[in-house]
């Protein structure tokens, strides 16, 4: 695993030392996209970067999944907020690709959280003649002909809604939950940025959005979004971002230990190295399994990998804090931001709830994993 150079340039994150992803070489046409002027510096830069690299990055399961996830980890090691802005656009592109639809114009997100007092509901209207192309003003449809739809209600956890052109959103229908593409610039969309009170990922407001009869184009049929092969793969891509944040914290500790050797710092660094090595191997193994078509149990694979990486991040945060004390948290803005960002980001792992789901899958399975 390469580390950040003294010049401050963000070094590439690898899931295993000196290992190229399966089927890749440094000169591969699908190698990690270059960052010729360094990583993006702002959310706007990150969204532009996401749109630029999406055509050259294959979706998970198409032979270069490790490259995709390592690129996300590299961005996260630079700044978790940047990765948090890029990842949803790439996820939206992957979903559209899995639906057999072209990439959208503009910057897109995925709003799939459920709950709230007024959850989104989609209502069909009269039939149109054909599907529209996937642009921010004319979102993609799954089939043609297809009824016109509109969505009304409130969707929670809508990251960067005010800065995106479009989004893939889940909504209830009479036939079950369904995915729709919507234009976030429609006058029926109202973003509530004041609802975001977080101290981590401050630049990624993720409050609720209300929709009032907003035109929506279906992507796949009822329940397709939840039942498709790639549903769980996106969650592992998020874990790759967590991993990158933990790597950056480990690099901070390693640099400090090199400047001022100390047995306690060395002990924490050694333990962190073991954790990161295990997490990196879990991510690489998952990427290989997905690309080889060996992902026979997507939910269990995703829960395992996300659990491993989330626990690694929690312990890295604790150990780096013990090793370095309060000074970096109080006096070093970059480190303090990274800790706050990562603490919030890994709460996308639902802790004991995810453990319970994982255990239930094991009980229901006829396989013997150990």
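Residue numbers (our numbering): 1228 to 1597.
Backbone N, C-alpha and C fix where the C-beta goes; we use that ideal spot for every residue, glycine too.
**Message:** Using C-beta distances below 6 Å, list every residue in its chain close to residue 1355, excluding the 5 sequence neighbours before and after it, in chain order.
**Reply:** Per-residue confidence for residue 1355 stands at a pLDDT of 44, beneath the threshold of 50, marking its modelled position as unreliable; the derived number appears in the next sentence. So the list reads 1375, once near-sequence residues are dropped.
**Message:** Whole angstroms are fine: how far does the CA of residue 1425 sit from the CA of residue 1431?
**Reply:** 9 Å
**Prompt:** With 16 as the cutoff for other CB atoms within 10 Å, does residue 1410 come out buried or exposed?
**Reply:** buried
**Request:** Quickly, what does DSSP pair residue 1376 with across the bridge? List them, please.
**Result:** 1351 and 1443
**Request:** Only counting runs of 4 or more residues, tell me where the alpha helix (DSSP H) segments fall wholly within the region 1392-1459, in order along the chain.
**Result:** 1451-1454
**Prompt:** Which residues share a DSSP beta bridge with residue 1336?
**Reply:** 1394
**Asked** Under the rule that 16 or more other beta-carbon atoms within 10 Å means buried, what is residue 1597, buried or exposed?
**Response** Burial state of residue 1597 is exposed, judged by a 10 Å Cβ sphere holding fewer than 16 other Cβ atoms.
**Item:** Residue span of the alpha helix (DSSP H) that contains residue 1309, given as start and end
**Value:** Segment 1307-1325, the alpha helix (DSSP H) holding residue 1309.
**Request:** Return helix, strand or coil for residue 1244, following the three-state DSSP convention.
**Result:** In the displayed model, residue 1244 falls within coil according to three-state DSSP, outside both helix and strand.
**Residue closest to residue 1462, alpha-carbon to alpha-carbon, out of 1474, 1296 and 1479** = 1296
**Request:** Would you give the residue range spanned by the alpha helix (DSSP H) that residue 1539 belongs to?
**Result:** 1525-1551
**Message:** As a quick exercise: from 1381, 1466, 1492 and 1391, pick the residue whose alpha carbon is nearest that of residue 1397.
**Reply:** 1381
**Request:** Verify whether the separation of the beta carbon atoms of residue 1543 and residue 1496 is less than 8 Å.
**Result:** no
**Request:** Whole angstroms is fine: what's the gap from residue 1590's alpha carbon to residue 1535's?
**Result:** 20 Å
**Request:** Leaving out five residues on either side along the sequence, give the residues of the same chain with a beta carbon under 8 Å from the beta carbon of residue 1540.
**Result:** 1469, 1470, 1472, 1473, 1569 and 1573, listed in sequence order.
**Asked** In this structure, what does DSSP give as the bridge partners for residue 1381?
**Response** By DSSP's assignment, residue 1381 forms a beta bridge with 1346 and 1437.
**Message:** Could you tell me the alpha carbon to alpha carbon distance between residue 1326 and residue 1339, rounded to whole angstroms?
**Reply:** 16 Å
**Prompt:** Expressed to the nearest angstrom, what Euclidean distance is found between the alpha-carbon atoms of residue 1328 and residue 1441?
**Reply:** 21 Å
**Prompt:** From residue 1546 to residue 1436, what does the alpha carbon distance come to, in whole angstroms?
**Reply:** 38 Å
**Item:** N-terminal and C-terminal residue of the alpha helix (DSSP H) that residue 1504 is part of
**Value:** 1490-1518
**Asked** Can residue 1530 and residue 1581 be called in contact, C-beta distance under 8 Å?
**Response** Yes.
**Prompt:** Is residue 1285 helix, strand or coil by DSSP?
**Reply:** Three-state result, residue 1285: coil.
**Message:** Suppose you measure from the CA of residue 1241 to the CA of residue 1299; what does that come to, to the nearest Å?
**Reply:** 11 Å
**Message:** So, with DSSP's three-state summary, where would you put residue 1238?
**Reply:** coil
**Prompt:** Which class does residue 1564 belong to by DSSP, given the choice of helix, strand or coil?
**Reply:** helix
**Message:** Please state the DSSP three-state secondary structure of residue 1359.
**Reply:** In this prediction, residue 1359 scores a pLDDT of 47, lower than 50, which makes its location untrustworthy; the coordinate-derived value is nonetheless stated afterwards. Three-state DSSP puts residue 1359 in coil, outside helix and strand.
**Asked** From residue 1446 to residue 1475, what does the alpha carbon distance come to, in whole angstroms?
**Response** 37 Å
**Asked** What number of angstroms, rounded off, separates the C-alpha of residue 1407 from the C-alpha of residue 1315?
**Response** 15 Å
**Request:** Output yes or no for whether 8 Å exceeds the beta carbon distance between residue 1309 and residue 1395.
**Result:** no
**Message:** Give me the residue from 1266, 1428, 1419 and 1331 with the minimum Cα distance to residue 1566.
**Reply:** 1428
**Item:** CA nearest to the CA of residue 1404, picked from 1451, 1391, 1412 and 1418
**Value:** 1451
**Message:** Just to confirm the assignment, what range does the alpha helix (DSSP H) spanning residue 1555 have?
**Reply:** It spans 1554-1558 - the alpha helix (DSSP H) in which residue 1555 sits, taken as one unbroken run.
**Message:** Can you look up residue 1592 in the DSSP assignment and give me helix, strand or coil?
**Reply:** coil
**Exposed unless 16 or more other CB atoms sit within 10 angstroms - verdict on residue 1283** = exposed
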